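Written below as structure tokens is the structure these notes are about.
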Amino acid sequence: IMIQQPGGRFIRMEQPALWKDSMWEAVDAIWDLAGCASLVLEELLTDDFPEAQMAEVLAHIRDWIEREIHFVDHPLFSQTKPAERLMTLRPASLDATEAPVKNEPGLAFVAGMVTAPLLTQAEESYLFQQMNFLKFRAEQARRKLCLNQPDLSLVDRIEADLRESTEVRNRIVRSNLRLVVALARKFSLSIDQMSELIGEATVPLIRAVELFDISLGNRFSTYATWAVRNHMVRCMSRRQAAPDHVEIKD
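Residue numbers for the sequence shown follow our numbering, so the first one is 19 and each next one is one higher.
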């Protein structure tokens, strides 16, 4: 297996030292050991490469070919060098160490959920654009995949962009959990009921983050409040309508 180091020099590593049952485990092990910028699997398409493992590679690529990556489009994505333009919009405050947030009275049992500070409008706009641009870029790369010319480096870039996109999404979600807690307090008659509503409302909050269109100029809290509140109302209605001996499953 030939490995290209960041400086461009190639080194050769023998298979026996690293080969595992799964080709993907082997690639991960090589990557971790060498810290490489890129991999060249010299023997990928030779007779020495096990047919079963080659079939696994092609199946993985086929999965990506058949899986469309959904994103919310933005005018920025169609501009020249959108990644560079997006970086110029990044607020410096996002790189600052997050200061502790004072917990609201009565929320001690969910203190760990509401520690992330609220996002400013500029931070919110940038993070939504970044999240969707990463998915947009992954989708563009996915459309280049071809079973006749399998490109593992392209798959790596797709998966790296989607991992980063998920991290950005989770940051937006954490910054808006306070909204979920506030609505749950409004609809709850007990601590147990409040805890249950918070758990149920987290999924629609995540979904709202994925569907929100920041290019329309609205704040996310307006859209998220509508989505989360409607979900809570439906949950409460189902519980009130069901007999006491019937277990409700959402």
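Glycine included, every Cβ here is placed at the ideal spot set by N, Cα and C.
Source: prediction; values computed, not measured.
Do you know offhand how far residue 254's Cα is from residue 241's? Start at 1 with the first residue of the sequence shown, and residue 254 comes out as number 236. Start at 1 with the first residue of the sequence shown, and residue 241 comes out as number 223. Going by the C-alpha atoms only, they are around 20 Å apart.
If I'm right that residue 186 touches residue 145 with Cβ under 8 Å, what's the distance once you round it to whole angstroms? Locating residue 186 in the sequence shown gives position 168, counting from the first residue. Locating residue 145 in the sequence shown gives position 127, counting from the first residue. Yes, they are in contact, since the Cβ atoms of residue 186 and residue 145 sit about 6 Å apart, within 8 Å.
Taking the continuous alpha helix (DSSP H) assigned at residue 154, which residues delimit it? Stepping through the sequence shown from its first residue, residue 154 is reached at position 136. In the DSSP assignment, residue 154 falls within the unbroken alpha helix (DSSP H) covering 139-160.
Measure the alpha-carbon distance for residue 215 versus residue 247 and round it to whole angstroms. As a working note, residue 215 is residue 197 in the sequence shown. As a working note, residue 247 is residue 229 in the sequence shown. Roughly 10 Å between the two C-alpha positions.
Measure the beta-carbon distance from residue 179 to residue 200 and round it to whole angstroms, keeping in mind my assumption that it falls under 8 Å. As a first step, residue 179 is located in the sequence shown; it is residue number 161 there, counting from the start. As a first step, residue 200 is located in the sequence shown; it is residue number 182 there, counting from the start. Not confirmed; about 33 Å, so no contact.
Pick helix, strand or coil for residue 253, following the three-state DSSP scheme. Numbered from 1 along the sequence shown, position 235 holds the residue referred to as residue 253. In the structure shown, residue 253 sits in a helix (DSSP, three-state: H, G or I).
Would DSSP call residue 179 helix, strand or coil? Mapped onto the sequence shown, residue 179 falls at position 161. Correct three-state label for residue 179: helix.
Coarse secondary structure for residue 236, derived from DSSP in three states: The residue labelled residue 236 in the question sits at position 218 within the sequence shown. Reduced to three states, the DSSP call for residue 236 is coil.
Between the beta-carbon of residue 83 and the beta-carbon of residue 168, is there less than 8 Å? The sequence position of residue 83 within the sequence shown is 65, counting from 1. The sequence position of residue 168 within the sequence shown is 150, counting from 1. Cβ distance not < 8 Å, so residue 83 and residue 168 don't count as in contact.
Comparing C-alpha positions only, which one of 138, 226, 170, 150 sits nearest to residue 110? By 1-based counting over the sequence shown, the position of residue 110 is 92. Out of 138, 226, 170, 150, 138 has the C-alpha closest to the C-alpha of residue 110.
In terms of residues, what are the limits of the alpha helix (DSSP H) holding residue 104? Walking along the sequence shown from the start, residue 104 turns up at place 86. It spans 100-105 - the alpha helix (DSSP H) in which residue 104 sits, taken as one unbroken run.
Excluding the five sequence neighbours on either side, which residues of its own chain have a C-beta within less than 8 Å of the C-beta of residue 182, listed in chain order? Within the sequence shown, residue 182 is the residue found at index 164, counting from 1. Non-local C-beta neighbours of residue 182 in its own chain, meaning closer than 8 Å and more than five positions away in sequence, comprise 152, ordered along the chain.
So residue 87 and residue 160 are in contact, right, with Cβ under 8 Å, and what is the actual spacing, rounded? Position 69 of the sequence shown, counting from 1, holds the residue named residue 87. Position 142 of the sequence shown, counting from 1, holds the residue named residue 160. About 6 Å; that satisfies the 8 Å criterion.
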